[in-house]
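For reference, the structure discussed in these notes is given below.
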Amino acid sequence: MAPILDINNLYKSYGQTEILKDINVSIEKGDFLVLVGPSGCGKSTLLNCIAGLEPITGGQLNIAGQDMTNVSPKDRNIAMVFQSYALYPTMSVAKNITFGMKVRGVDKSVQDQKLAEVAKQLQIEKLLNRKPSQLSGGQRQRVAMGRALVRDPALFLFDEPLSNLDAKLRVEMRTEIKRLHQDLHASMVYVTHDQIEAMTLATKIVVMKDGIIQQIGTPAEIYRQPANLFVADFMGSPAMNLIPAKVSTDGNARRIEIARDGEAPLVLTDRRGVDLPKDVIIGLRPEDITDPGSRQGDNLELADVHVDVVEPAGADTYVVSRLGGKEVTARLQAETEVRPGARAQFAFDLGKATYFDPASGARLV
Amino acid sequence: MTDLSATQGASRPWGKIALRWGLYVLLGLFALYYLVPLFVMVTTSLKSLDEIRSGSLIALPREVTFDAWAKAWSGACTGIQCEGLKPYMWNSILLAIPAVLISTVIGAMNGYVVAQWRFRGANIIFALLLFGCFIPFQVVLLPMAKMLGILGLAGSIPGLILVHVVYGLGFTTLFFRNYYVTIPAELVKAAKIDGAGFFRIFWSIFLPLSLPIIVVSVIWQFTQIWNDFLFGVSFSQAGTQPITVALNNIVNSTTGVKEYNVDMAAAIIAALPTLLVYVVAGKYFIRGLTAGSVKG
């Protein structure tokens, strides 16, 4: 079966400024693709290009097996939910939802039936006669989703739909979107700058920076095997610890030497027998630096570290220390005895470590 | 506001009250200064000529008479004709209503395009339209006369309508453009995805939002066109003259005695329609002028 969305060598520029460079993405039916990256990385522009709201400068774009490169938005069989919801202010909720069908000349009885279905699904039946200005943020969000759902499109597009909601509502709506995706088996493209939203929603993530795709992969791949330093740093909260280190070979094992201010270097041993150059940046997630004894593994290295800051976060306690000239965050159990200014023993899970080339930033292992 | 005065007034209540009353007195004086001429006009128009000659300018009429109003409406002489303002009032209505409607509709369309459908050169077009707002009337008189001659509209009411539409477009475009730029672009995007085209979006989404700015445009244009004298006197001929020109002729056609009461009544009659428009739609005028500064 043809991919539901297939983007080939897409370029987009405004005048001399290249916004998107050689974008290649493809998703299957039922995929939930999340475009994630910092502000100005081009993710919203890419979504607008998919929608046909922005013409593309080069390349080619298929939706549901049809070439849509130069097709106008209304004929692309898509629906879109916007950050500001973009509800028509003078129309009631019902009219907002049925406007598209009305424009397309859908039979009135079909309109009413679909409206009723969607209103039930989103639990907005009681709001149908209200104007958007009489709704709360979460309700507006639902109406905006209703307007998209009622089209039953080949592809749903979401442009940061949750970023105007408060934190609690955002988590609720996130779950709701995920449930909707599962129930409808719909194909979705979702833009966000929030890497937690990306991880929780996606079946496939595209990480972008400066108009270039940094990595495409499942959330697990992106998290465990980031393609480069940018992805490693961007995905995950707190961010992955990226520590400059020197490597020497000791038989099959590699000695990883991390400089410390005013004391002997910290030496860890990676026994996986990986090939490494002399200078690397070692990447360790905060959860891979833990309390000794709390983790099983055949490549655990115990070491004493000077503790700078202790940050209790409820479920866990984050402990910051300084290694290799960088702030390094460890994730300990909530009831840890560690105190700032003292020394503490951490377990480094070298079995989970990744290595990056300091010059190019690319992942080595 | 009440909170503010309460908290500040608590420390120095008397100074506060004096300041407030001083303010009211000052505002009252300004209002009085502004209203005295109107008062004189109204009272004079209700007096007989004898009373005007014998009495004081600001005295109330001893005997109220509407003779001057009747004469101004249907008997005063403009030059050699003595039909009063009535036929010219009709000319002005025939002129102002189409000119106001056409310039408002085209201005709304222009503003919609310039604000929401950016095209190459949109800024230049808008700048040129704006520039049109600042061209003095006198500059365009001769070219406009030539153009009306070529079009065969010289001396006709349609010709005057055209002049006022063209001259008003800069303003109406500016009004609508500034109103429409505050409407989020995502609304247009959403409508495009819903399948609506250029006119559908304008008709279903923009126009229903536009009442305040339509009122601004209508009041502005109506006042301009109704009160215009220069275009009216330049591009009309006997039979198509607007009311402002007729008013001028009434005041300047003296048959021995200067009939101040008729002149005053005629001036008030000529000003009544703009007053009416303002009273009916005034609250929207203020609302429309400040629209966009606060989130709707």
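Heads up: the sequence lines are chains A and B, in that order. Going by our numbering, the first sequence opens with residue 2, and the numbers climb by one from there. Going by our numbering, the second sequence opens with residue 94, and the numbers climb by one from there. The beta-carbon is built from N, C-alpha and C at its ideal position, and this holds for glycine as well. Bear in mind the structure is a predicted one, so any value in this text is a computation, not a measurement.
Residue i, DSSP secondary structure in three states
| i | result |
| --- | --- |
| A:V104 | helix |
| B:I250 | helix |
| A:M200 | helix |
| A:I213 | strand |
| B:K388 | With a pLDDT of 39 at B:K388, under the threshold of 50, the modelled position of this residue cannot be trusted; read the value that follows with caution. B:K388 falls in the coil class under three-state DSSP. |
| A:Y89 | coil |
| A:S1 | This structure gives no information on residue 1 of chain A, because the portion of chain A shown stretches from 2 to 366. |
| B:Q101 | In this prediction, B:Q101 has a pLDDT of 49, which is less than 50 and means its spatial position is unreliable; what the coordinates show is noted afterwards. Helix at B:Q101. |
| A:I79 | strand |
| A:T70 | coil |
| A:N49 | helix |
| A:H186 | coil |
| A:S14 | strand |
| A:S249 | strand |
| A:Q61 | strand |
| B:T265 | helix |
| A:L285 | strand |
| B:F328 | coil |
| A:L301 | strand |
| B:D96 | At B:D96 the pLDDT is 49, less than 50, meaning the model places this residue with poor confidence; the figure from the coordinates comes in the next sentence. Reduced to three states, the DSSP call for B:D96 is helix. |
| A:T270 | strand |
| A:V311 | strand |
| A:K179 | helix |
| B:S310 | helix |
| B:I186 | helix |
| B:E352 | coil |
| B:L323 | helix |
| A:G139 | helix |
| B:E176 | coil |
Best match in the options for proximity to residue i [C-alpha to C-alpha]
| i | options | result |
| --- | --- | --- |
| A:K179 | A:P162, A:A348 and A:A260 | A:P162 |
| A:Y89 | B:L280, B:N342 and B:I336 | B:L280 |
| B:L262 | B:L255, B:G200, B:R211 and B:L234 | B:G200 |
| A:D358 | A:E258, A:E336 and A:I283 | A:I283 |
| A:M57 | A:A254, A:N10 and A:A331 | Rather than Met, the amino acid found at residue 57 of chain A in this sequence is Ile. Of A:A254, A:N10 and A:A331, the residue nearest in Cα terms is A:N10. |
| B:W319 | B:E352, B:Q174, B:G245 and B:L368 | B:L368 |
| A:Q216 | A:M69, A:S322, A:Y15 and A:V37 | A:V37 |
| B:S185 | B:Y126, B:T333 and B:L120 | B:T333 |
| B:V258 | B:V232, B:I217, B:L188 and B:P130 | B:L188 |
| A:R1 | A:F349, A:R332 and A:Y15 | Any property of residue 1 of chain A remains undetermined from this structure, which presents chain A solely from 2 to 366. |
| B:P154 | B:W166, B:K140 and B:A161 | B:K140 |
| B:I151 | B:D160, B:T158 and B:T136 | B:T136 |
| B:S249 | B:Y272, B:V326 and B:P277 | B:V326 |
Buried versus exposed call for residue i [16 or more other C-beta atoms within 10 Å across all chains shown]
| i | result |
| --- | --- |
| A:A354 | buried |
| B:W313 | buried |
| A:V42 | One detail in the question is off: residue 42 of chain A reads as Cys in this sequence, not Val. Buried, because 16 or more other Cβ atoms sit within 10 Å of the Cβ of A:C42. |
| B:R146 | exposed |
| A:A168 | exposed |
| B:L235 | exposed |
| A:D184 | exposed |
| A:L128 | buried |
| B:R213 | exposed |
| A:E198 | buried |
| B:G108 | exposed |
| B:V387 | Here the model assigns B:V387 a pLDDT of 39, short of 50, so the residue's position is not dependable, and the following value carries that caveat. It counts as exposed. |
| A:P313 | exposed |
| A:A363 | exposed |
| A:N25 | exposed |
| B:G389 | At B:G389 the pLDDT is 37, less than 50, meaning the model places this residue with poor confidence; the figure from the coordinates comes in the next sentence. Exposed, since its Cβ has fewer than 16 Cβ neighbours within 10 Å. |
| A:Y356 | buried |
| B:Y260 | buried |
| A:H186 | exposed |
| B:G177 | buried |
| B:C226 | exposed |
| A:K44 | buried |
Neighbour list for residue i in chain A, Cβ cutoff strictly below 7 Å
| i | result |
| --- | --- |
| B:R293 | V104 |
Cross-chain neighbours of residue i in chain B, by beta carbon under 8 Å
| i | result |
| --- | --- |
| A:F83 | E279, K282 and A283 |
| A:A87 | P277, E279, L280, K282 and A283 |
When Cβ atoms are compared, which residues of the region 124 to 158 of chain B fall closer than 9 Å to chain A?
none
Contact residues within the region 277 to 288 of chain B, judged by C-beta distance below 8 Å to chain A:
P277, E279, L280, K282, A283, A284, K285, I286, D287 and G288
Within 8 Å of chain A by C-beta, residues of the region 295 to 318 of chain B in sequence order:
S297, I298, P301 and L302
Residues within the region 186 to 199 of chain A neighbouring chain B, beta-carbon criterion of under 7 Å
none
To be precise: take each residue of the region 66 to 81 of chain A, compare its Cβ to all Cβ atoms of chain B, and keep it if any distance is under 9 Å. Which residues remain?
S73, P74, K75, D76, R77, I79, A80 and M81
Using a Cβ cut-off of 7 Å, which residues of the region 90 to 121 of chain A contact any Cβ in chain B, in chain order?
P90, T91, F100, G101, V104 and R105
Mind listing which residues of the region 51 to 62 of chain A have their C-beta closer than 9 Å to chain B's C-betas, in chain order?
A52, G53 and L54
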